[in-house]
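Asks: When we follow the working numbering, the leftmost residue of the sequence shown carries the number 368, and every step to the right adds one. Cβ atoms here follow ideal geometry from the backbone N, Cα and C, with glycine treated the same way. Given the structure is predicted, the values throughout are model-derived calculations rather than measurements.
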Amino acid sequence: MKNAKERNSVDLFSDYGLDERQKAISAKLGADMFKALFNTIIAITVIWTAVYGAFPECSIHFSAVMSSYFAAAIIIECIYAVIASKNGVINGITAFSYTTKSLICAIACIIAAVLLFALNDRLPFNGFLIGGMLILAAAENFVLYLCGKKNFSVIDENEE
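1) Can you tell me whether Ser381 is helix, strand or coil according to DSSP?
2) If distances are taken between C-alpha atoms only, which option among Arg489, Asp382, Ile408 comes closest to Leu396?
3) Give me the residue from Val432, Val521, Ala440 with the minimum Cα distance to Phe405.
4) Could you tell me how far apart the beta carbons of Cys476 and Leu501 are, in whole angstroms, since I believe they sit closer than 8 Å?
5) Please list the terminal residues of the continuous alpha helix (DSSP H) segment that includes Thr461.
6) Within 10 angstroms of its Cβ, does Lys517 collect 16 or more other Cβ (buried), or is it exposed?
7) In angstroms, rounded to a whole number, what distance separates the CA positions of Ala451 and Val413?
8) Relative to the alpha-carbon of Asp399, which residue among Ala448, Asn493, Gly459 has its alpha-carbon at the smallest distance?
9) Please report how far the alpha carbon of Met368 lies from the alpha carbon of Arg388, in whole angstroms.
10) What are the boundary residues of the alpha helix (DSSP H) that includes Asp488?
11) In the DSSP assignment, the alpha helix (DSSP H) including Asp523 goes from what residue to what residue?
12) Just how far apart, CA to CA, sit Val432 and Glu524?
13) Taking the continuous alpha helix (DSSP H) assigned at Glu387, which residues delimit it?
14) Are Ile411 and Ser435 touching if we call contact CB-CB under 8 Å?
15) Return the first residue and the last residue of the alpha helix (DSSP H) that Lys453 is part of.
Next up, the structure:
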């Protein structure tokens, strides 16, 4: 049953359908990116703690802290995707999903962000924060789209 679930999975970190060399590259890259994410989270935490310690009268809004962690996670994921696609270690189901759905998601996120920025003064919440997160999501989906295309071209080159 696990194989059927894996086969239908569209996950950047899935190694379904990869050969042993590709699995080894993917595992090493995943471990390296986990270390990078861990160290980035520590660095962001130290920076926010230093800012709060240096300016105790300044109230740091939770949305600024949350957005910095969100951006760090998105950036590390995109770095992983770029390196994985250059090595051709994104499984075919995932790469196909990225080349078909991610561009549409990126465009939808951009449209939603533009609408939020345009309507910001009429909304009961801070549209700039959500608009910024939508722009990050759009950038992520655009990168994943390009990585899916690159992954297919690397695999095609390796088969020749």
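Replies: Quick look at the numbers:
1) coil
2) Asp382
3) Ala440
4) 5 Å
5) 459-464
6) buried
7) 30 Å
8) Ala448
9) Residue placement at Met368 cannot be trusted, given a pLDDT of 45 that sits under 50; what the coordinates show is reported in the next sentence. About 25 Å.
10) No alpha helix (DSSP H) holds Asp488; DSSP gives it neither H nor E.
11) 494-526
12) 43 Å
13) 387-421
14) yes
15) 429-454
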